[in-house]
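Numbering (my numbering), first residue to last: 320 to 671. In this text, a Cβ means the ideal position worked out from N, Cα and C, and glycines have one as well. Reviewing the structure listed below.
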Amino acid sequence: MKVQSLLNLLELLATSTRDAFIDTGITTNSLQNIILDNATTNDAPLHGRHRNRRLHVPHFMTNDDDEQTQTQKTPQLVECESEIGWTQVIDVKSSEPLVSHQSQYQKIELYESKHFGKILVLDDLLQLTEHDADSYNEMMAHVPLMQHTNPKRVLIIGGGDGRVLHEVLKHDCVEHVDMVDLDKDVVDICQEHFAWGHQSQLYDDPRVTLHIRDGASYVEQQSSSTYDVIIQDSSDPWEYDEQTGEKRLLPAHVLYTSSHFQNLNRILTPRGIFNLQAESFHIPSRLVDIQEMRQTALRQGGFQSAKYGSITIATYSPGQIGFLLCEKEPMIPEVCSNNEDESGNDQKGEEE
Numbered sequence: 320m321k322v323q324s325l326l327n328l329l330e331l332l333a334t335s336t337r338d339a340f341i342d343t344g345i346t347t348n349s350l351q352n353i354i355l356d357n358a359t360t361n362d363a364p365l366h367g368r369h370r371n372r373r374l375h376v377p378h379f380m381t382n383d384d385d386e387q388t389q390t391q392k393t394p395q396l397v398e399c400e401s402e403i404g405w406t407q408v409i410d411v412k413s414s415e416p417l418v419s420h421q422s423q424y425q426k427i428e429l430y431e432s433k434h435f436g437k438i439l440v441l442d443d444l445l446q447l448t449e450h451d452a453d454s455y456n457e458m459m460a461h462v463p464l465m466q467h468t469n470p471k472r473v474l475i476i477g478g479g480d481g482r483v484l485h486e487v488l489k490h491d492c493v494e495h496v497d498m499v500d501l502d503k504d505v506v507d508i509c510q511e512h513f514a515w516g517h518q519s520q521l522y523d524d525p526r527v528t529l530h531i532r533d534g535a536s537y538v539e540q541q542s543s544s545t546y547d548v549i550i551q552d553s554s555d556p557w558e559y560d561e562q563t564g565e566k567r568l569l570p571a572h573v574l575y576t577s578s579h580f581q582n583l584n585r586i587l588t589p590r591g592i593f594n595l596q597a598e599s600f601h602i603p604s605r606l607v608d609i610q611e612m613r614q615t616a617l618r619q620g621g622f623q624s625a626k627y628g629s630i631t632i633a634t635y636s637p638g639q640i641g642f643l644l645c646e647k648e649p650m651i652p653e654v655c656s657n658n659e660d661e662s663g664n665d666q667k668g669e670e671e
């Protein structure tokens with residue numbers, strides 16, 4: 320009943336944060352609602368959360384003291400979200416990255432910061448930091464796995480940094496995990512430099528099969544009713560031109576189409592759950608995108624429920640990101656009554 324107690328706590332937290340959610344079908348009433356491949360195409364790599372913000376790298380800002388006491392300059396990573404006039408600055412220990420590598424698909428860099436630890440940057444886009452990676456990845460993994468009654472087979476599309484996989488493997492009920500990512504260099508570098516990769520030996524777990532390939536085509540080729548839970552930790556499907564506001568499709572848009580959602584629905588078991596990264600509602604254009612994603616999941620994808628949930632995380636713009644929990648056949652978990660003990664026995668019945 321420890322899991323049930325955690326569910327009840329999450330429901331209580333959801334009630335206190337209901338106003339943070341969107342009214343148009345995105346509400347919070349219970350765990351089902353708060354809830355709260357880097358799959359790629361053949362043309363480009365897609366890793367992590369590309370939030371339409373570009374780091375000024377290697378053009379670092381300097382944090383100067385006043386003229387009389389200036390003694391040093393601190394290199395900083397600077398990231399901007401021009402649509403809302405938001406800027407983030409993170410002090411790093413050196414303007415030279417710990418790792419700088421050009422893979423077949425993208426530039427991979429790691430920086431070291433005082434507070435956030437190691438920072439993963441792909442093509443000048445901040446992906447995650449050691450200090451707050453748990454805020455995003457725990458919710459992406461544990462919420463759908465706890466919502467399902469008995470998740471045995473899991474598919475991860477993307478997540479080359481390995482943190483979602485690290486969280487999924489904490490569930491003893493999970494018997495098999497397929498992880499699909501295109502850029503093996505990202506997988507290898509993150510496994511070597513992040514503790515959740517090298518200390519736990521993620522890919523040596525007998526439950527894990529790593530597929531270095533395109534995520535969308537992998538899903539197309541899978542048999543029906545294969546997975547209990549699918550987690551899609553992918554890049555943004557589109558971006559907006561900072562000058563004209565024009566919407567431009569990115570390679571990952573194939574992971575947000577009606578045909579892809581239909582395939583995901585098809586390969587899920589009857590009570591299967593699909594969880595995907597769904598951007599920040601604080602950015603107007605992204606709010607529209609969230610609504611479009613949800614409608615695609617419900618109307619074309621065939622999911623019976625699609626609930627948006629919010630994650631607070633310091634290094635994502637602007638301190639918040641969301642996910643969309645989609646269910647084929649929603650089922651409300653049974654709640655232990657006051658007449659049941661932690662073993663599930665009816666105490667009143669035993670007394671009688």
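Cβ-based neighbour list, residue i, same chain, cut-off 8 Å, excluding 5 preceding and 5 following
i: residue 609; result: 341, 345, 597, 598, 600, 627, 641, 643
i: residue 586; result: 474, 538, 541, 542, 543, 544, 545, 546, 549
Spatially closest choice to residue i from the options, by CA coordinates
i: residue 468; options: 607, 592, 483, 635; result: 592
i: residue 514; options: 495, 477, 438, 404; result: 438
i: residue 522; options: 581, 423, 440, 500; result: 500
i: residue 571; options: 529, 595, 493; result: 595
i: residue 495; options: 425, 519, 476, 527; result: 527
i: residue 492; options: 460, 590, 470, 589; result: 470
i: residue 504; options: 414, 421, 397; result: 421
i: residue 414; options: 424, 429, 401; result: 429
i: residue 562; options: 511, 613, 612, 401; result: 401
8 Å contact criterion, which residue i and residue j should meet: CB distance rounded
i: residue 411; j: residue 431; result: 6 Å
i: residue 418; j: residue 531; result: Wrong, their Cβ atoms sit about 19 Å apart, outside the cutoff.
i: residue 634; j: residue 464; result: The Cβ separation is near 24 Å, so there is no contact.
i: residue 631; j: residue 575; result: Contact doesn't hold; Cβ gap of about 24 Å is too wide.
i: residue 623; j: residue 647; result: 6 Å
i: residue 409; j: residue 637; result: Actually they are not in contact, since the Cβ atoms of residue 409 and residue 637 sit about 14 Å apart, beyond 8 Å.
i: residue 460; j: residue 487; result: 5 Å
i: residue 497; j: residue 479; result: Contact doesn't hold; Cβ gap of about 14 Å is too wide.
i: residue 551; j: residue 481; result: With 8 Å as the limit, residue 551 and residue 481 do not qualify as a contact, their Cβ atoms being about 16 Å apart.
For residue i, three-class secondary structure by DSSP
i: residue 642; result: strand
i: residue 612; result: helix
i: residue 402; result: coil
i: residue 672; result: It is not possible to answer for residue 672, since the shown part of the chain is limited to 320 through 671.
i: residue 549; result: strand
i: residue 581; result: helix
i: residue 369; result: Annotation note: pLDDT 38 at residue 369 (below 50); position unreliable, no value reported.
i: residue 411; result: strand
i: residue 488; result: coil
i: residue 531; result: strand
i: residue 627; result: strand
i: residue 346; result: In this prediction, residue 346 scores a pLDDT of 30, lower than 50, which makes its location untrustworthy; no coordinate-derived value is stated.
i: residue 635; result: coil
i: residue 617; result: helix
i: residue 558; result: strand
i: residue 566; result: strand
i: residue 502; result: coil
heavy atom of the ligand MN below 8 Å from residue i C-beta
i: residue 483; result: Because no ligand of any kind appears in the structure shown, any question about the ligand MN cannot be addressed here.
Proximal residues to residue i (C-beta, below 6 Å), its chain only, five neighbours per side dropped
i: residue 435; result: 448, 450
i: residue 455; result: 630, 632
i: residue 566; result: 557, 559
Spatial neighbours of residue i in its chain, beta-carbon cut-off 7 Å, leaving aside the 5 residues before and after
i: residue 569; result: 554, 555, 556, 557, 558
i: residue 485; result: 515, 519, 521
i: residue 472; result: 494, 495, 545, 546, 547
i: residue 584; result: 620, 621, 622, 647
i: residue 582; result: 538, 539
Start-end ranges of the alpha helix (DSSP H) lying completely within the segment 415-486, minimum 4 residues: 452-466
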